[in-house]
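Take any residue in the sequence shown, count from 1 to its spot, add 9: that is its number in my numbering.
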Amino acid sequence: MSDYEVEFVDRGDREARFLVRNITPAFANGIRRAMIADVPTFSVDELRVVENSSVMFDEQIALR
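Set out below in structure tokens:
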């Protein structure tokens, strides 16, 4: 693989945009997967819906 280049287009507190040149699609996919895996996540153990005025069922909202 030849020398790759990384150019930051935009940087913020919570997001960034960058261009990576001279890499294979497989390497780009590996970078994408690593970034997705490192995003912190959380889960809700219990959810109580007091009032639902949307068109969605309470169970659908709880699964989101």
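Even for Gly, the Cβ is constructed at its ideal location relative to N, Cα and C.
When the cut-off is 8 Å and only beta carbons count, does residue i lie next to chain D?
i	result
PHE17	Of the chains in the structure shown, none is chain D; there is only one protein chain.
Comparing C-alpha positions only, which one of the options sits nearest to residue i?
i	options	result
PHE51	GLU60, SER63, ALA25, ARG73	ARG73
ARG23	ALA43, GLY39, PHE36, PRO49	PRO49
ARG57	GLU68, SER63, VAL64	GLU68
GLU55	ILE45, ILE70, ARG42, MET44	ILE70
PHE36	MET65, SER11, SER63, PHE66	SER11
Tell me which residue opens and which closes the beta strand (DSSP E) that residue i is part of.
i	result
PHE27	25 to 30
If you pair each beta-carbon of the segment 27 to 39 with each one of the segment 10 to 18, do three or more pairs fall below 8 Å?
yes
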